[in-house]
Amino acid sequence: TGDLGFRHDGQLYIAGRRKDLIVVDGRNHYPADIEATVARCAPEIRTGRIAAFGHDDGVRERLVLVAEVSGPEIGSAEVTRRIRTAVTTSHDIAPME
Numbered sequence: 030t031g032d033l034g035f036r037h038d039g040q041l042y043i044a045g046r047r048k049d050l051i052v053v054d055g056r057n058h059y060p061a062d063i064e065a066t067v068a069r070c071a072p073e074i075r076t077g078r079i080a081a082f083g084h085d086d087g088v089r090e091r092l093v094l095v096a097e098v099s100g101p102e103i104g105s106a107e108v109t110r111r112i113r114t115a116v117t118t119s120h121d122i123a124p125m126e
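In this note's numbering, the protein residues as written are 30 to 126.
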């Protein structure tokens with residue numbers, strides 16, 4: 030993914046990035062910009078708990094988003110819809126489903 034991290038006591042910790050660029054269809058996208066868009070459109074997402082990275086599916090690189098919601102009662106379908114809409118509109122790239 031280009032992210033650097035480690036596991037400790039069953040938890041995953043993100044420590045930084047090896048590559049701070051996602052290239053999809055020949056266009057450059059900066060993960061921090063996409064993560065900021067997610068944070069603005071979805072207050073249910075826990076601060077600092079968003080990761081945007083590229084994934085090569087064998088055909089092309091795709092955008093993947095991973096985020097932690099603030100509680101189990103949050104409806105993920107609505108949050109997912111808002112995130113997809115905001116990222117697609119703001120960055121002209123659709124996250125992988």
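Idealized CB from N, CA, C, for every residue including glycine.
- Leaving aside the five residues that flank leucine 50 on each side, the residues in its chain whose CB is nearer than 7 Å to its CB run, in chain order, Asn57, Tyr59.
- For the pair glycine 87 and methionine 125, the Cα-to-Cα distance works out to about 14 Å.
- Valine 88 carries a coil assignment under DSSP once its states are collapsed to helix, strand and coil.
- For isoleucine 51, the uninterrupted beta strand (DSSP E) segment begins and ends at 51–53.
- Residue environment analysis places histidine 120 among the buried positions, since at least 16 neighbouring C-beta atoms fall within 10 angstroms of its C-beta.
- Taking the C-beta atoms as reference points, isoleucine 79 is found no nearer than 8 Å to glutamate 90.
- When secondary structure is reduced to three states using DSSP, glutamate 97 falls in the strand class.
- Here glycine 100 is exposed: its Cβ has fewer than 16 other Cβ atoms, across all protein chains shown, within 10 Å.
- Leucine 92 and alanine 106 do not touch by the CB rule: their CB atoms are close to 19 Å apart, not below 8 Å.
- Spanning the alpha carbons of valine 116 and glutamine 40 requires a straight line of approximately 27 Å.
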